[in-house]
Every structure is written in C-alpha cells, then in structure tokens.
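As structure tokens, the structure follows; a few thoughts come after it.
Residue numbers (this note's numbering): 14 to 141.
Okay, here's the thing in structure tokens:
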C-alpha cells in the first residue's frame, strides 16, 4: 500500500516482449540432443532432450569455451541417462547471451560429458 501515490500504478507498464521467445540448439557427436532455451527476461530456462548416450550412466551438461568442446568444462547440470540412453535435463540461468549472442572470448558452447561435475570425462556431444 502506498507504493503508487497517484493513479492505479499501471502508467508505465509494458508487456514483456522477450517472455515466450525461445532458441533451439542441437548437440551432436555420440547421439544427438535437442536443447531449447526459453527466454524469461534476464534468465533462460534450458531444457535438453538428450539421446544416444550410454544407458544408466552419469553425465554432465556444461559449457566449453571452445567450439570442439575441448578445455575446461563449466558444469550446468548433472544427470543420469535412462535405460534407453536418454534424459530430459532442466536448468536455468543467463545462458542465451553466452551460447548464441556472445562474441569472441565470451562465447561458450554447450557440451555433454560422462562423469560428474567435479571430474567430467571427454566430451561426447557438442553444440553445432
């Protein structure tokens, strides 16, 4: 109460144009995965439909600074594949800017590697 001293408080409200926008990416290598980034303004919800990996194994979805997935991996989410070698992985953060819009040293690539976030193995899928 009292936050808007004059009027109904809607004078400067505008629709959030970015909400509802999405970006779709593909990861390939061993198997193929589809990733969708749902834009929520400052953050994005990432949902990955992962396929073609070894069944019932732990993996890490992360970011690499190299297009081939080499170098240090910054973990985003850990997951376990189902008996068919697939998984649905969800996470959120300011991702759109670094996997699609960023230039040069700021650009990052989504990757999937076996193992756990503290010690991921060799990358098996890379963003294309």
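Glycine is no exception: its CB is placed at the ideal position from the N, C-alpha and C atoms.
Roughly how many whole angstroms lie between the Cα atoms of residue 60 and residue 98? Answer to the nearest angstrom: the Cα atoms are 17 Å apart.
Let me know the secondary structure DSSP gives residue 34 once reduced to three states. Residue state, collapsed to three classes: coil.
Where residue 77 and residue 89 are concerned, what is the direct C-alpha to C-alpha distance, given to the nearest angstrom? C-alpha separation (whole angstroms): 11 Å.
State the beta-bridge partners of residue 45 as determined by DSSP. Residue pairing by DSSP places residue 45 opposite 41 in a beta bridge.
Mind listing, in chain order, the continuous beta strand (DSSP E) runs of no fewer than 3 residues lying wholly within the region 68-139? Considered as a whole, the region 68-139 harbours 71-77, 86-93, 100-106, 122-129 as its complete beta strand (DSSP E) runs of no fewer than 3 residues, in chain order.
If you drop the 5 nearest sequence neighbours on each side, which residues of the same chain put their C-beta closer than 6 Å to that of residue 133? Correct list, in chain order: 73, 86, 126.
Answer with buried or exposed for residue 62, where buried requires no fewer than 16 other C-beta atoms within 10 angstroms of its C-beta. In summary, residue 62 is exposed, with fewer than 16 beta-carbon neighbours lying within 10 Å of its beta-carbon over all protein chains present.
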